[in-house]
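**Q** Keeping their order, the protein sequence lines are chains A and B.
Heads up: the first sequence begins at 1021 in my numbering, then just goes up one per residue.
Heads up: the second sequence begins at 2 in my numbering, then just goes up one per residue.
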Amino acid sequence: MRDVDLRVAPGERVLLTGRSGAGKSTLLRALGGLLEPESGDVEGELTVDGAPPDRARQRVGTVFQDPDSQLVMTRAGDDVAFGLENVGTPPALIWPAVDAALDAVGFDLGRDRATAALSGGQKQRLVLAGALAPRPGLLLLDEPTAQLDPDGAALVRGAVSRAVADRSATLVVVDHDLEAWLPLVDRVVELLPGGGLTEHPAGWTPPPLRFPSRRPDPPAGEELLRAEAVTYTHRGSHRPALPATDAVLPAGRTLAVTGPNGTGKSTLALLLAGLRTPTAGEIRVGPALRAGLRRPDRPPARWRAAELVERIGTVFQQPEHQFLTGRVRDELSLGPLRAGADRTAAGRRADELLERLGLAPLAEANPFTLSGGQQRRLSVATALATRPPVLVLDEPTFGQDRDTWAELVALLAEQQADGRALCLVTHDTAVVDALADDVLRLGDPVRAS
Amino acid sequence: MSAPLTLGPAREVPLSAVNPVAQLAAIAVLTVVLLVSGDLVTPSVVLAAELALLPAAGLTTPRAILRRTWPLLLSAAGVAWVNVAFGTLDGAAAWLSGATWGLRVIALALPGVLLVASTDPVRLADALTLHWRVSTRFAYGALAALRLVPLLATEWQTIRLARRARGVDAGASPVARVRLFAGTAFALLVGAIRRGSRLATAMDARGFDSGVPRSNARGSVLHRRDAWFVAGAVAACVLAVTLSVQTGHWSPILG
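Next up, the structure:
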């Protein structure tokens, strides 16, 4: 982040946006006084209420992305009280303030509710209550809904809008979901990757998402994978995580799996990806996908990993779970090497993908140091490296900026045009509109694709 | 297999009325006496007193008791067996020594089980910081870290599956299996550290590092019953040692 001039008036609400890696989170952390002085070079001046941010800390409340790494206590009320205790608030004043904050965000499950038993949206609401309890003059939100499903995200946005309704607090929110936040903010500030910023006044609407051009309703090719009444029940659980479900993946078509949280979407993805064995029902494999297997009679979950990686590529929700090496280039050549390619061929494939995905300048970088959008592109690229006929992707567009979104969707459309079968688990209705030929909605009474 | 440790808010049981620091003080008394004693009578009497408290900790059914104590019973059996099998004694003396050691291990660890079963982790942290002036940074930091433990189990599964999806498995080779295990463990550790540092940032954003003396919303009150509880523990120890001395079994390890 560099050359940023920004003035936010008391009570104002600002949405901060920009490409991933443009420095939005850095700016937010700087405002919250949470940047370590030794973590980088600082130029220019930043003040909150006329003071350096680290001295204005008590007037600032911050909410980050992941609710699980923000909750401290085991009970809802205790967690909201945590911030008040930290600044030495007398105990007699704490509980009225806690109740007021819980009320402000619309959390009505009671102070004694166990935090571990809450949904993501409720957890994040509680985190917001904790940030509001000390009555901050400035509220900073860093992609507060990026890890939530649409219902949870709406819950949190509703809570924010209630909490800032009286304009006693200034609001700065970083998010990629512009449409959702626009009704709530006074203006939009876009940070530019090279430095500087663009301001968009009230009434501005973002340019539409770029959809790839693709053939509508392409003909179904050969059937590659089929799930027949697959069910999955976790060990020790009585209720199945996924009740009996059918799904078909033919070459050249895209299946979107949608539905509320907790209906087994990700579980179905793991079954189709050959990573878990269904407790009942069967995953059937088409002849094209079976060819070359050492034991063609076995289901995908019992294939050797080297056989699996050549046939079904999987992209997990969190890219970091998938990274195994210390260099972007090694990450891309790993799959081909495991599948038996020689070093030259694997290296060539890696270079090809680096070029195609615009990651070439980062070839020597450590995957863990990339920005969120770059990590996501890399994780998709690792799944493509072995050219598997089937791709299974879990929330590939989660928390991505608009440019990364368009790049990802274009890349996936290309895979489908090449004759691959795609299975997308997603909450993102735009992705469904842009890519899906078939939609399987879980959680509805009738199950058929 | 279920965890003998609860990490959520603990259920209120009669023993919860005793302040955690009183329970810890009682445990300290028992521990000293048990470590000094070398006979079978002392741990038996102490253990009888502890067993009498099981219902007060909500452990009334054999199933509930086993669920909390299986790791302890297993290790006690292990210690006893090692003593019988590898001790210097033979015959009845060996069995006696094994039983003594097994009972001691159970008597030493059971109070911990009672504490965990009856005490909410938050109440423990409150009591430690308010009465024994344990550092709030340590106590509440540990509390926050404890919340992350159950997440590690799901994380482990995900990392393992993600590796298979990348084409990495061990096959039949035991060497590859160890390497895969180490790799997964390392990835889990890296993830835990990253999550931990995010948590620390979030806590500091809420003023955890403000330097202002921390107040406590819940408080932690010491009642007269807490003193009686510790006195009860002392009485049980006195009874145990007296019985042991009178029956001629007392053979302290020290002195």
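Ideal Cβ positions, reconstructed from N, Cα and C, are used throughout, including at glycine.
For LEU1479 of chain A versus LEU1411 of chain A, is the C-beta spacing smaller than 9 Å?
**A** Because chain A here runs from 1021 to 1469, residue 1479 of chain A falls outside it and cannot be looked at.
**Q** Could you check if VAL1147 of chain A is buried or exposed, using at least 16 other CB atoms within 10 Å of its CB as the buried criterion?
**A** buried
**Q** How about GLY1333 of chain A: is its C-beta nearer than 9 Å to some C-beta of chain B?
**A** For GLY1333 of chain A, the answer is yes, since a Cβ of chain B falls inside 9 Å of its Cβ.
**Q** Of the choices A:PRO1408, A:ARG1095 and A:LEU1160, whose alpha-carbon is the least far from that of ALA1068 of chain A?
**A** Note on identity: in this sequence residue 1068 of chain A is Val, with Ala being the wrong assignment. The shortest Cα separation from VAL1068 of chain A among A:PRO1408, A:ARG1095 and A:LEU1160 belongs to A:LEU1160.
**Q** Using the C-alpha atoms, what's the distance from ILE1114 of chain A back to GLY1279 of chain A?
**A** 40 Å
**Q** Using a C-beta to C-beta distance shorter than 8 Å, which residues of chain A count as neighbours of ASN20 of chain B?
**A** Neighbours of ASN20 of chain B on chain A: none; closest Cβ ~17 Å, over 8 Å.
**Q** Going by C-alpha to C-alpha distance, which of B:ARG178, B:PRO10, B:LEU147 and B:VAL191 sits closest to ASP1132 of chain A?
**A** B:PRO10
**Q** Measuring CB to CB, does PHE1452 of chain A end up less than 9 Å from ALA1289 of chain A?
**A** Reading off the sequence, residue 1452 of chain A comes out as Val, not Phe. Result no, Cβ atoms of VAL1452 of chain A and ALA1289 of chain A do not sit closer than 9 Å.
**Q** Compare the C-beta of PHE1231 of chain A with all C-beta atoms of chain B and state if any pair is closer than 9 Å.
**A** no
**Q** Spell out a yes or no on whether the region 1119-1132 of chain A and the region 1091-1107 of chain A are touching, meaning 3 or more CB-CB pairs, one atom from each, closer than 8 Å.
**A** yes
**Q** From the DSSP secondary-structure annotation, give me the bridge partner or partners of CYS1443 of chain A.
**A** Bridge partners of CYS1443 of chain A: A:LEU1275 and A:VAL1412.
**Q** DSSP state of ARG1022 of chain A, grouped into three classes?
**A** coil
**Q** How many Å lie between ALA193 of chain B and GLN1342 of chain A at the Cα?
**A** 15 Å
**Q** Listed in chain order, which residues of the region 168-190 of chain B have Cβ atoms closer than 7 Å to some Cβ of chain A?
**A** GLY168, VAL169, ASP170 and GLY172
**Q** Identify every run of the alpha helix (DSSP H) within the region 1101-1135 of chain A, keeping only runs that are complete inside it and at least 4 residues long; order them along the chain.
**A** 1111-1124
**Q** Our contact map puts ALA218 of chain B next to GLU1105 of chain A with C-beta atoms below 8 Å; I'd like the distance itself, whole angstroms only.
**A** 6 Å
**Q** DSSP state of LEU1 of chain B, grouped into three classes?
**A** Past the edges of chain B, shown from 2 to 256, lies residue 1 of chain B, and the structure says nothing about it.
**Q** Per DSSP, what are the beta-bridge partners of GLU1210 of chain A in this structure?
**A** Partner residues in the beta bridge of GLU1210 of chain A, as assigned by DSSP, are A:THR1037 and A:THR1218.
**Q** Identify each residue in the region 1038-1070 of chain A for which the Cβ-Cβ distance to at least one residue of chain D is less than 7 Å, and report them in chain order.
**A** Here chain D cannot be found, since the structure's protein chains are A and B.
**Q** Inspect the beta-carbon positions of PHE1084 of chain A and GLN1078 of chain A and report whether they are closer than 9 Å.
**A** Against a cut-off of 9 Å, the Cβ pair of GLN1078 of chain A and PHE1084 of chain A comes out as no contact.
**Q** Using a Cβ-Cβ cut-off of 8 Å (strictly less than) and excluding sequence neighbours within five positions of LEU48 of chain B, which residues of its own chain qualify?
**A** Apart from sequence neighbours up to five positions away, the residues of its chain that approach LEU48 of chain B with a beta-carbon distance below 8 Å are LEU104, ILE107, ALA108 and LEU111, ordered along the chain.
**Q** Expressed to the nearest angstrom, what Euclidean distance is found between the alpha-carbon atoms of GLY1355 of chain A and ARG1022 of chain A?
**A** 38 Å
**Q** How many angstroms separate the CA atom of PRO1472 of chain A from the CA atom of ARG1397 of chain A?
**A** In the structure displayed, chain A extends from 1021 to 1469; residue 1472 of chain A sits before or after that span and is not available.
**Q** ASP1098 of chain A versus chain B: which residues are under 8 Å apart at the beta carbon?
**A** Within chain B, the residues whose beta carbon sits less than 8 Å from that of ASP1098 of chain A are VAL123, ALA218 and ARG219, listed in sequence order.
**Q** Take GLY1282 of chain A as the anchor and find which of A:ARG1187, A:ASP1169 and A:ARG1255 has the nearest alpha-carbon.
**A** GLY1282 of chain A has its Cα closest to that of A:ASP1169, out of A:ARG1187, A:ASP1169 and A:ARG1255.
**Q** Contact criterion: CB-CB distance below 9 Å. Does SER211 of chain B meet it with respect to chain A?
**A** yes
**Q** Taking 9 Å as the threshold (beta carbon to beta carbon), is ALA1029 of chain A in contact with chain B?
**A** Chain B contact via Cβ: absent.
**Q** Are ALA206 of chain B and THR1424 of chain A touching if we call contact CB-CB under 9 Å?
**A** Not closer than 9 Å, so no.
**Q** Can you give me the Cβ contacts of LEU1328 of chain A inside the same chain, cut-off strictly under 7 Å, excluding the 5 residues immediately before and after it?
**A** For LEU1328 of chain A, where only same-chain residues beyond five positions count, the Cβ hits under 7 Å are GLY1294 and PRO1320.
**Q** Could you tell me which of B:ALA146, B:LEU97, B:THR130 and B:PRO214 sits nearest to SER45 of chain B, measuring between CA atoms?
**A** B:LEU97
**Q** Among the candidates A:ARG1318, A:LEU1404 and A:LEU1122, whose CA atom is the shortest distance from the CA of PRO1359 of chain A?
**A** Checking the sequence shown, residue 1359 of chain A turns out to be Ala, not Pro. Measuring from the Cα of ALA1359 of chain A, the nearest candidate turns out to be A:LEU1404.
**Q** Can you tell which of B:LEU35, B:SER136 and B:GLY168 has the C-alpha that lies nearest to the C-alpha of VAL1335 of chain A?
**A** B:GLY168
**Q** What residue from A:GLY1064, A:GLN1435 and A:GLU1415 has the CA that sits closest to ARG1234 of chain A's CA?
**A** Out of A:GLY1064, A:GLN1435 and A:GLU1415, A:GLN1435 has the C-alpha closest to the C-alpha of ARG1234 of chain A.
**Q** Please state whether DSSP places TRP251 of chain B in a helix, a strand or coil.
**A** coil
**Q** Rounded to the nearest angstrom, how far is the Cβ of VAL1268 of chain A from that of GLU1242 of chain A, given a contact under 8 Å?
**A** Wrong, their Cβ atoms sit about 11 Å apart, outside the cutoff.
**Q** Given a threshold of 16 other Cβ atoms within 10 Å of its Cβ, counted over all protein chains shown, does VAL19 of chain B qualify as buried or as exposed?
**A** buried
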